[in-house]
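Below is one structure; the comments refer to it alone.
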Amino acid sequence: MGVATALVIENDPTDDPRRLGEWLTEAGLELTVLRPHAGDQLPDDLDGYLALVVLGGDQNAYPDSGGSPGAPWFPALEGLLRKAVRHRVPTLGVCLGGQLLASAHGGLVERSTAGPEIGPGLVGKRDAADTDPLFKWVPLLPDVIQWHRDEITELPLRAVLLAASSRYPHQAFRLGDRAWGVQFHIECDAAMIEQWAASDRESIDELGYDAEAVVYATAQILADVEEVWQPFAARFASLALGTLPDADIPNPGTGRTLPLLGQ
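Just so you know, the sequence shown maps onto residues 1 to 263 in our numbering.
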């Protein structure tokens, strides 16, 4: 393991690091990818790692009706996320990873009553993003890729809301000064979306979408997604490497900003 290594947790074989992994590597981070879905064991702590990235997956971040976790390794992964926040290890949770970051710190994740959110979309930055070392350089309405049925209905008590949308108000948040969760995807390429569209016809049909149209529309915005989120990934890598200017946040974790109108 190199001295500039990030630990990446792949929860589902259909959601690997893909473009996000390439961006982090280009920015100077070596990646150690663990695949607990394939039997890899999670470490007890993050000693020797400069960052933690937790990817998405088809599982639920909450237990089923019988109390079983969405995946056998989720309790250990949530413990790792708590240690990351406590010890200020730069952390990024993507979609399911962001939901697990929230639930590990007392947030609530549930099946959304708004239905699935799929395909290209926009999210809006909140006022707190202006002082965030990663989000302050993100445009006001960045392009993102959505693919989820669950949502974070309650953020952890000390989470800071950074981005929202009208249907899903908790699109991005920060815990402390080194951990971020996003509900959307930034790692996808066209092949990944095509695979998701083929395997999740139920969600697409529920929305009345055409699968080929979803793949095409998503492919059309990939360049815009990269334009925004490749620099974001580079800033995250710089934060992990200790080279990011203005990385300190005034009064981190001071609570949520005002909610969206009607929420």
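Don't be surprised by glycine CBs; every beta carbon is placed ideally from N, CA and C.
{"Item": "Sequence-distant residues of the same chain with beta carbon closer than 6 Å to A197, five excluded per side", "Value": "A211, V214 and V215"}
{"Item": "Beta-carbon gap between L92 and W180 smaller than 8 Å", "Value": "yes"}
{"Item": "At least 3 beta-carbon pairs within less than 8 Å: the region 78-86 vs the region 25-37", "Value": "no"}
{"Item": "Residue nearest to L141 in terms of C-alpha spacing, selected from W147, A164 and A128", "Value": "A164"}
{"Item": "For I145, three-class secondary structure by DSSP", "Value": "strand"}
{"Item": "Straight-line gap, Q295 to V123 (C-alpha atoms, nearest Å)", "Value": "This structure cannot settle anything about residue 295, because the visible part of the chain is limited to 1 through 263."}
{"Item": "Spatial distance of L7 from D40 (CA atoms)", "Value": "13 Å"}
{"Item": "Cβ-based neighbour list, C188, same chain, cut-off 6 Å, excluding 5 preceding and 5 following", "Value": "I145"}
{"Item": "Per-residue DSSP class, three states only, for A179", "Value": "strand"}
{"Item": "Three-state secondary structure (DSSP) of D40", "Value": "coil"}
{"Item": "Three-state secondary structure assigned by DSSP to L24", "Value": "helix"}
{"Item": "Three-way DSSP call (helix, strand, coil) for R111 in this model", "Value": "strand"}
{"Item": "Separation of T131 from L244, as counted between CA atoms", "Value": "14 Å"}
{"Item": "Secondary structure of L207, DSSP reduced to three states", "Value": "helix"}
{"Item": "Residue(s) in a DSSP beta bridge with I152", "Value": "V109"}
{"Item": "Contacts around A61, its chain only, beta-carbon distance under 7 Å, and the 5 residues preceding and following it disregarded", "Value": "G70, L96, Q99, L100, S103, V109 and D150"}
{"Item": "Pick from A51, V160, I221 and R201 that is closest to A190, judged by C-alpha positions", "Value": "I221"}
{"Item": "Range of the contiguous beta strand (DSSP E) that encloses G93", "Value": "T91 to V94"}
{"Item": "Cα-Cα separation between E117 and H148, rounded to whole angstroms", "Value": "6 Å"}
{"Item": "Short Cβ contact (8 Å threshold) for I204 with L20", "Value": "no"}
{"Item": "Cβ neighbours of A234 in the same chain (closer than 6 Å, five flanking residues each side left out)", "Value": "A27"}
{"Item": "Distance, E30 Cα to W23 Cα", "Value": "11 Å"}
{"Item": "Backbone secondary structure at E10 - three-state DSSP", "Value": "coil"}
{"Item": "Bridge partners - P120, DSSP secondary structure assignment", "Value": "I145"}
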